[in-house]
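Mapping to the working numbering: the sequence shown position 124 is 286, numbers consecutive.
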Amino acid sequence: MTKMIFVSLPVTDLAASIAFYKALGFEQNPQFSDDTAACMVWSETIHAMLLTHAKWRTFTERPMSPAGTSKVMLGLTVDSREAVDRMNKAAAEHGGQADANPVQDLGFMYGRDLADPDGHLWGAIWMDPAAMPSDNQAA
Numbered sequence: 163m164t165k166m167i168f169v170s171l172p173v174t175d176l177a178a179s180i181a182f183y184k185a186l187g188f189e190q191n192p193q194f195s196d197d198t199a200a201c202m203v204w205s206e207t208i209h210a211m212l213l214t215h216a217k218w219r220t221f222t223e224r225p226m227s228p229a230g231t232s233k234v235m236l237g238l239t240v241d242s243r244e245a246v247d248r249m250n251k252a253a254a255e256h257g258g259q260a261d262a263n264p265v266q267d268l269g270f271m272y273g274r275d276l277a278d279p280d281g282h283l284w285g286a287i288w289m290d291p292a293a294m295p296s297d298n299q300a301a
């Protein structure tokens with residue numbers, strides 16, 4: 163079996179979150195979606211499970227992070243610098259926040275971070291490994 167990742171995220175408004183993630187380029191898998199959860203597919207191996215707060219609480223008793231805080235940032239690679247910019251623009255246009263952190267432009271790598279409507283952080287990243295400095299001290 164291929165190794166996959168399912169990132170589960172508690173969301174306040176499931177319909178708005180579905181629209182947000184679709185705008186970023188995710189596709190919804192209806193087979194694993196209902197009125198409490200939506201499976202949003204980035205690639206064959208990367209999925210975001212959007213869960214209503216009630217559904218989230220069936221998975222864990224741990225408290226959700228307070229608004230405005232972060233415990234994790236997830237990075238997604240895209241095909242070009244322009245795709246990074248489009249993803250950030252889509253985030254801002256669909257209830258999220260563009261440039262949640264400073265833009266990172268190292269020439270061979272370009273990234274912009276965004277937040278979804280619930281504040282979950284994602285990094286849109288493009289890189290050209292062939293252009294990476296050989297001293298490996300760019301990061």
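For every residue, glycine included, the Cβ atom is placed at its ideal position computed from N, Cα and C. Since this is a predicted model, take the numbers as computed values, not measurements.
- About 15 Å separates the CB atoms of residue 218 and residue 279; that is not less than 8 Å, and the two are not in contact.
- Per the C-alpha coordinates, the member of 179, 199, 267 positioned closest to residue 243 is 267.
- Taking C-beta separations shorter than 7 Å and ignoring five residues to either side along the sequence, the partners of residue 233 in its chain run 227, following chain order.
- Under a 10 Å Cβ-count criterion, residue 253 is classified as buried, with 16 or more other Cβ atoms of the shown protein chains found around its own Cβ.
- A distance below 6 Å between beta-carbons, with the five flanking residues on each side excluded, links residue 214 to the following residues of its chain, in chain order: 176, 198.
- Contact between residue 202 and residue 193 does not hold, since the beta-carbon distance rounds to 12 Å and is not under 8 Å.
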